[in-house]
Amino acid sequence: MNSVMNIKDGEYTATVYGLIKDQKFIEATRILQYQNERDPKNRAALSLLAYCYYHTQDFSSAADCYSQLSYNFPGTSTISDFSRAGTL
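To convert, note that position 57 of the sequence shown is 57 in the UniProt record's numbering; the numbers rise steadily by one, no gaps.
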């Protein structure tokens with residue numbers, strides 16, 4: 001998690017979206033896993049983590065994230081709703 005520790009507060013969102021834009025899903029996943037450990041109910045981090053898992057073909061982990069999202073945010077029922085989650 002060293003690379004995660006080098007990201008300044010307030011730069012997580014830009015860093016993660018930059019990695020996703022560059023299709024560096026594994027690197028983004030590492031950051032998002034760290035964020036999820038710090039705040040397991042962070043809707044944006046969990047949604048993006050699911051998205052990255054999906055794109056690395058880790059469908060089981062993606063499904064687990066979407067399950068957590070459905071449980072923690074029952075009023076948001078579709079994957080597209082979760083993919084529009086706010087910033088980290």
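Heads up, the beta-carbon is just placed ideally off N, CA and C, and yes, glycines get one too.
Completely contained alpha helix (DSSP H) runs for the stretch 48 to 73, where each covers 4 or more residues
Runs of the alpha helix (DSSP H) inside the stretch 48 to 73: 59 to 72.
A14, buried or exposed, once every other Cβ within 10 Å from all chains shown has been counted against 16:
exposed
Apart from the five residues just before and just after I20, which ones in its own chain have a Cβ nearer than 6 Å to its Cβ?
For I20, where only same-chain residues beyond five positions count, the Cβ hits under 6 Å are A28.
Excluding five sequence neighbours on each side, which residues of the same chain lie with their C-beta closer than 6 Å to the C-beta of H55?
F25
Give the single residue among N42, G18 and K8 whose Cα lies nearest to the Cα of F73.
N42
Could you spell out the range, first to last residue, of the alpha helix (DSSP H) harbouring K21?
Its alpha helix (DSSP H) spans residues Y12 to K21.
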